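So the sequence shown is numbered by the numbering used here: it starts at 2 and just counts up by one. What follows is one structure encoded as structure tokens, with my remarks underneath.
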Amino acid sequence: MDEVRAGRPCPICEAPMYRRHCKYVCPQHGVIFDCADPFN
Ligand SMILES: [Zn+2]
């Protein structure tokens with residue numbers, strides 16, 4: 002349960018991102034958003 006699909010596309014490449022803890026991670030670009038963003 003550490004990584005789940007967030008259901009949000011990467012804003013750069015539109016690949017489906019993963020949500021890892023409180024970070025959104027693109028498989029190609031790495032962390033896109035983290036806890037500091039008002040993006041839940
Ligand atoms: Zn990306």
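Cβ atoms here follow ideal geometry from the backbone N, Cα and C, with glycine treated the same way. Since this is a predicted model, take the numbers as computed values, not measurements.
Measuring alpha carbon to alpha carbon, tell me which residue in ALA16, HIS22, PRO28 is nearest ASP35. Nearest neighbour of ASP35 by Cα position, chosen from ALA16, HIS22, PRO28, turns out to be HIS22.
Regarding CYS27 and ligand 1, is the C-beta to nearest heavy atom distance less than 7 Å? Indeed, a heavy atom of ligand 1 lies less than 7 Å from the Cβ.
Using a threshold of 7 Å, is the CB atom of HIS1 nearer than that to any non-hydrogen atom of ligand 1? Since the first and last residues shown for the chain are 2 and 41, residue 1 lies out of range.
Assign CYS14 to one of two classes, buried (16 or more other C-beta atoms within 10 Å of its C-beta) or exposed (fewer than that). Exposed, because fewer than 16 other Cβ atoms sit within 10 Å of the Cβ of CYS14.
Leaving out five residues on either side along the sequence, give the residues of the same chain with a beta carbon under 8 Å from the beta carbon of PRO12. Sequence-distant partners of PRO12 (beyond 5 residues in either direction) whose C-beta falls short of 8 Å from its own C-beta, in its chain, are ILE33.
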